[in-house]
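Right, one structure below, let's go through it.
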Amino acid sequence: MPTDTTYTSLRANLSSVLDHVIDDQEIVIVRRASHSTGQPRDVALIPATELASLTETAHLLRSPRNARRLLAALRRAERQSPKPASLAKLRKDLKLAPQP
53 MPTDTTYTSL RANLSSVLDH VIDDQEIVIV RRASHSTGQP RDVALIPATE LASLTETAHL
113 LRSPRNARRL LAALRRAERQ SPKPASLAKL RKDLKLAPQP
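The numbering used here numbers the first residue of the sequence shown as 53 and each following residue consecutively.
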């Protein structure tokens with residue numbers, strides 16, 4: 053759940069608010085006074101890694117064909133119960149060199 057702050061509070065505590073966004077991977081909504089149009093002018097601060105993830109997800113789901121393919125793969129993965137495997141077996145299956 054995002055936390056809220058005001059523009060004035062953000063200015064006074066910018067460093068700690070940015071640390072909170074990054075350290076806790078938390079969204080912070082900066083509430084700003086309405087403009088002369090009466091529309092709210094709120095802004096969201098999110099970690100850059102979260103923005104990159106959202107952007108990539110939107111890109112992958114933009115094509116209806118790709119979205120169907122990805123969602124079908126997700127449903128298949130959720131239906132299967134993979135059996136645990138040892139690291140040695142996984143390395144062998146992937147044709148990786150054995151660990152020293």
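The C-beta atom is built at its ideal place from N, Cα and C for all residues, glycine as well.
Review point. Just to confirm, are residue 62 and residue 82 a CB contact at a threshold of 8 Å?
Key: The answer is yes: Cβ separation under 8 Å.
Checklist entry - In whole angstroms, what separates the C-alpha of residue 142 from that of residue 64? => result 52 Å
- Query: From residue 127 to residue 133, what does the alpha carbon distance come to, in whole angstroms?
  - Reply: 12 Å
Do residue 80 and residue 72 have their beta-carbon atoms positioned less than 8 Å apart in this structure?
The criterion of a C-beta distance shorter than 8 Å is satisfied by residue 72 and residue 80.
Mind pulling the beta strand (DSSP E) runs of 3 or more residues that sit fully within the segment 80 to 132? 80 to 83, 95 to 97
Query - Helix, strand or coil at residue 145 according to DSSP, with G and I counted as helix - result: Residue 145: helix per DSSP, three-state reduction.
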